[in-house]
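FYI, the UniProt record's numbering numbers position 156 of the sequence shown as 156, with every residue one higher than the one before it. What follows is a set of notes on a single structure, which appears directly below.
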Amino acid sequence: MSEMIYGIHAVQALLERAPERFQEVFILKGREDKRLLPLIHALESQGVVIQLANRQYLDEKSDGAVHQGIIARVKPGRQYQENDLPDLIALHERPFLLILDGVTDPHNLGACLRSADAAGVHAVIVPKDRSAQLNATAKKVACGAAESVPLIRVTNLARTMRMLQEENIWIVGTAGEADHTLYQSKMPGRMALVMGAEGEGMRRLTRE
Numbered sequence: 001m002s003e004m005i006y007g008i009h010a011v012q013a014l015l016e017r018a019p020e021r022f023q024e025v026f027i028l029k030g031r032e033d034k035r036l037l038p039l040i041h042a043l044e045s046q047g048v049v050i051q052l053a054n055r056q057y058l059d060e061k062s063d064g065a066v067h068q069g070i071i072a073r074v075k076p077g078r079q080y081q082e083n084d085l086p087d088l089i090a091l092h093e094r095p096f097l098l099i100l101d102g103v104t105d106p107h108n109l110g111a112c113l114r115s116a117d118a119a120g121v122h123a124v125i126v127p128k129d130r131s132a133q134l135n136a137t138a139k140k141v142a143c144g145a146a147e148s149v150p151l152i153r154v155t156n157l158a159r160t161m162r163m164l165q166e167e168n169i170w171i172v173g174t175a176g177e178a179d180h181t182l183y184q185s186k187m188p189g190r191m192a193l194v195m196g197a198e199g200e201g202m203r204r205l206t207r208e
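Take a look at the structure:
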């Protein structure tokens with residue numbers, strides 16, 4: 001069982017956090033520039049097998065995406081489950097969560113993970129249906145955040161939000177028609193920020 005990741009930032013982030021997951025790495029033949037060389041040396045120092053490949057091979061492996069000349073075959077990372085959420089919350093005195101309601105584009109999921117990591121979010125929660133998969137594209141856009149921020153898929157988003165409220169976590173929704181911005185709002189210590197789908201915003205049940 002393995003998965004593919006690609007892009008300099010995604011490979012570097014995983015190497016820093018979990019080098020034992022690497023099985024083999026494919027590098028574009030002839031690409032040995034200043035950005036890639038330090039990463040190649042770091043991979044070699046961990047005993048990772050590196051193979052040279054032509055562009056066509058890398059393009060096929062990445063389904064034509066922008067791979068920056070590097071693709072890695074790795075063991076799957078931990079898959080967080082719904083019942084992991086209470087334990088993750090208990091680890092933090094002031095848990096900060098991000099709930100994504102219906103974000104279906106992997107690029108947007110990756111961007112949300114990247115922003116969540118920068119903002120200090122402890123976990124990202126998404127519904128099992130109507131949600132983008134954490135695939136290689138999302139991981140590349142996340143620039144390493146996919147390896148540091150737990151992504152939790154839940155069966156029923158409304159039920160999960162009620163559970164969070166029982167844990168004294170304040171639920172804050174975002175909407176384009178809101179009369180004040182996030183920066184104008186007083187943020188509570190224990191908070192879950194809810195963001196809706198591209199264009200549509202939050203679903204009715206989530207708003208309620």
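Beta carbons: idealized from backbone N, C-alpha and C, even for Gly. Keep in mind the model is a prediction, meaning the values are calculated, not measured.
- In the DSSP assignment, LEU14 falls within the alpha helix (DSSP H) that extends over 8–17.
- In the three-state reduction of the DSSP assignment, ARG55 falls in the helix class.
- The stretch 34–91 contains, as complete beta strand (DSSP E) runs of 3+ residues, the segments 50–53 and 70–74 (chain order).
- Separation of LYS29 and GLN51 (C-alpha to C-alpha, rounded to the nearest whole angstrom) is 9 angstroms.
- Selection GLN79, LEU134 and LEU15 evaluated against THR104 yields LEU134 as nearest (Cα-Cα).
- Separation of the CB atoms of LEU88 and PRO150 is rounded to 6 angstroms, and the pair is thereby assigned contact status at 8 angstroms.
- Beta bridge pairing from DSSP links LEU98 with VAL124 and LEU193.
- In this structure, DSSP gives LEU151 an extended state, which the three-state scheme calls strand.
- By the C-beta density criterion, GLN79 is exposed, having fewer than 16 other C-beta atoms within 10 angstroms.
- When the Cα atoms are used, CYS112 and ARG190 turn out to be separated by approximately 20 angstroms.
- The residue from GLU32, ARG114 and MET1 with its alpha-carbon nearest to that of ALA13 is ARG114.
- Comparing C-alpha distances from ILE71 to each of ARG159, TRP170 and LYS140 shows the shortest one belongs to LYS140.
- Looking from the CA of LEU157, the closest CA among LYS34, VAL121 and ASP101 belongs to ASP101.
- Ranked by Cα distance from ASP63, the first of PRO127, ILE171, LEU36 and TYR6 is TYR6.
- Take GLN46, set aside five residues on each side of it, and the residues of its chain with a beta-carbon closer than 8 angstroms to its own are LEU15, PRO19 and PHE22, in chain order.
- Going by DSSP, VAL103 is part of no alpha helix (DSSP H) at all; its letter is neither H nor E.
- In this structure, VAL124 sits away from ALA118, with a CB-CB distance that is not shorter than 8 angstroms.
- Here LEU193 is buried, its C-beta having at least 16 other C-beta atoms within 10 Å.
- Secondary structure note for GLU24: its beta strand (DSSP E) is the uninterrupted segment 22–28.
- For GLU166, the three-state secondary structure derived from DSSP is helix.
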